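Sequential numbering from 1 applies to the sequence shown in full-length UniProt numbering. Note that the Cβ used here is the ideal one computed from N, Cα and C, for glycine as well. Remember, predicted model here, so these are calculated numbers, not experimental data.
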Amino acid sequence: MKFILTSAMMVVISAFIGGVTNYIAIKMLFRPYRPIYLFGKKLPFTPGLIPKRRNELARQLGKMVIEHLVTPEGIKKKMEEVSFQKKIQLFLLQSIDAWLAKQKTLTELLEEYGVSNSKEMIATRLERVIEKSILHFFNTDQKVSQFLPQEWKKNIELQIPSLAEWIAMKGVQYVESDEGKQALQRMIDDFLQQKGTFGGMIQMFLGNLNIADKIQLEAAKFFRHQGTIDLISSILFKEWSRLLDMPVSEFTSRMDKEKTSLSIAKLISEKIRIYETLDKPISELIQPYKQAIMEKMLPAVISSSVLYLQNSVEQIMKAFDIDEIVTAQVESFSVERLEEVVLTISKREFKMITYLGALLGGIIGFVQSIIILFI
Numbered sequence: 001m002k003f004i005l006t007s008a009m010m011v012v013i014s015a016f017i018g019g020v021t022n023y024i025a026i027k028m029l030f031r032p033y034r035p036i037y038l039f040g041k042k043l044p045f046t047p048g049l050i051p052k053r054r055n056e057l058a059r060q061l062g063k064m065v066i067e068h069l070v071t072p073e074g075i076k077k078k079m080e081e082v083s084f085q086k087k088i089q090l091f092l093l094q095s096i097d098a099w100l101a102k103q104k105t106l107t108e109l110l111e112e113y114g115v116s117n118s119k120e121m122i123a124t125r126l127e128r129v130i131e132k133s134i135l136h137f138f139n140t141d142q143k144v145s146q147f148l149p150q151e152w153k154k155n156i157e158l159q160i161p162s163l164a165e166w167i168a169m170k171g172v173q174y175v176e177s178d179e180g181k182q183a184l185q186r187m188i189d190d191f192l193q194q195k196g197t198f199g200g201m202i203q204m205f206l207g208n209l210n211i212a213d214k215i216q217l218e219a220a221k222f223f224r225h226q227g228t229i230d231l232i233s234s235i236l237f238k239e240w241s242r243l244l245d246m247p248v249s250e251f252t253s254r255m256d257k258e259k260t261s262l263s264i265a266k267l268i269s270e271k272i273r274i275y276e277t278l279d280k281p282i283s284e285l286i287q288p289y290k291q292a293i294m295e296k297m298l299p300a301v302i303s304s305s306v307l308y309l310q311n312s313v314e315q316i317m318k319a320f321d322i323d324e325i326v327t328a329q330v331e332s333f334s335v336e337r338l339e340e341v342v343l344t345i346s347k348r349e350f351k352m353i354t355y356l357g358a359l360l361g362g363i364i365g366f367v368q369s370i371i372i373l374f375i
């Protein structure tokens, strides 16, 4: 009976000592917060381990984060996940919809960024930009053909034979009209008058009316002849080829370029209706293109941005100095705050360490009681 009581007391005492020892050891990680001096000498183990090594701990945490936790490889892998890209797309879609729902106009948006009198300023600058662009185009030495789409040139060339037939038909109509007949007669009169006496003799013998009728008939035949149509078509093709090879500056050399460019710029500005456009909600302006933006442009932008970030993530992380951010943040913590953070994370584990100390102490006490029994 005495052995059992002694053994129980030794187990309890050893367990108590083991538990208290571990509890004190855990507390000594943080306590005391500051060094304690006795008779001018600092007591051992003051301050606690973490307060004493806080700066080193902060540096090691920063190094651990950048080398093992937030790594370029981990970020790249995360960016490659389809679910991650879908989350970004969903977030952007919701953000865009929320922003468009505010019904802001371009004028209001510009005013938010400090641009006053935006309507007048944009209208004036737009007109100047258009005018300068047109004037630059008028003075370029590039050929006209360089500014025409291939499809346009092809269509125009296909229409030249039809244009030649149309010109010939209009020639026939004019010659056979009363106006054309009168014009022929005036030309004949002028011709005969220029010939003097000889012309008077011809006029007396033949008569102007008969000559005009004859020439009118022959002129109509001339315009109807296929050879005439082919000739007109050939001339048009040559002129078209010459026009295509002509520098734009030469093509526009006979016009008042500055006046023309200003007139065209004003016309374009009026057609754009810049004032009306600036007063419309942005949501209304992009409505015709919203589906294309959301379904095609936005995913393409996200993919391109993700690819760019993947290629640049190392440089970006170096620029941010994440390890220094973590170090500075940890160093800014008070010791009390640092203790609270560590205990919040490891409170359960520290309790288990205390209990383990008590358990080991109890086992040691029991073993000691057995040894005492046999001594």
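CB-CB length for residue i against residue j, believed under 8 Å
i: residue 264; j: residue 122; result: With a Cβ gap of about 18 Å, residue 264 and residue 122 do not count as contacting.
i: residue 357; j: residue 14; result: 10 Å between Cβ atoms; not a contact.
i: residue 278; j: residue 102; result: Contact flag wrong, Cβ pair sits at about 16 Å.
i: residue 143; j: residue 255; result: Between residue 255 and residue 143 the Cβ distance is about 18 Å, and since that is not below 8 Å, they are no contact.
i: residue 141; j: residue 249; result: 6 Å
i: residue 23; j: residue 354; result: 5 Å
i: residue 266; j: residue 127; result: 7 Å
i: residue 167; j: residue 240; result: Actually they are not in contact, since the Cβ atoms of residue 167 and residue 240 sit about 14 Å apart, beyond 8 Å.
Buried versus exposed, by CB contacts within 10 Å (16 or more), residue i
i: residue 179; result: exposed
i: residue 339; result: buried
i: residue 116; result: exposed
i: residue 212; result: buried
i: residue 44; result: exposed
i: residue 149; result: exposed
i: residue 288; result: exposed
i: residue 58; result: buried
i: residue 209; result: For residue 209, the predicted structure reports a pLDDT of 47, less than 50, and the residue's modelled location is therefore unreliable. The matter cannot be settled from this model.
i: residue 341; result: exposed
i: residue 323; result: buried
i: residue 62; result: buried
i: residue 188; result: buried
i: residue 184; result: buried
i: residue 207; result: Its pLDDT being 48, under 50, residue 207 is placed unreliably by the model, and nothing is read from it.
i: residue 51; result: buried
Beta-carbon proximity check, residue i vs residue j, cutoff 7 Å
i: residue 333; j: residue 26; result: no
i: residue 29; j: residue 49; result: yes
i: residue 261; j: residue 131; result: yes
i: residue 129; j: residue 326; result: no
i: residue 313; j: residue 72; result: yes
i: residue 76; j: residue 310; result: yes
i: residue 175; j: residue 216; result: yes
i: residue 222; j: residue 228; result: yes
i: residue 360; j: residue 18; result: yes
i: residue 133; j: residue 244; result: no
i: residue 172; j: residue 242; result: no
Residue from the options whose Cα sits closest to the Cα of residue i
i: residue 88; options: 317, 166, 220, 302; result: 302
i: residue 331; options: 60, 32, 6; result: 60
i: residue 139; options: 149, 145, 252, 105; result: 252
i: residue 162; options: 230, 69, 314; result: 230
i: residue 299; options: 69, 82, 56; result: 82
i: residue 164; options: 56, 147, 232; result: 232
i: residue 107; options: 329, 282, 134; result: 282
i: residue 219; options: 170, 62, 328, 259; result: 170
i: residue 100; options: 242, 183, 280, 337; result: 280
i: residue 286; options: 190, 105, 348, 92; result: 105
i: residue 137; options: 189, 257, 69; result: 257
i: residue 328; options: 16, 54, 186; result: 54
i: residue 306; options: 79, 152, 259; result: 79
i: residue 135; options: 214, 259, 371; result: 259
i: residue 158; options: 67, 16, 234; result: 234
i: residue 304; options: 85, 70, 16; result: 85
Does the segment 8-22 touch the segment 349-369, meaning 3 or more C-beta pairs lie closer than 8 Å? yes
Check whether the segment 280-300 touches the segment 96-105, counting contact only when three or more Cβ pairs, one atom from each stretch, lie closer than 8 Å. yes
Indicate whether the contact test is met: 3 or more Cβ pairs, each with one atom in the segment 300-318 and one in the segment 31-46, closer than 8 Å. no
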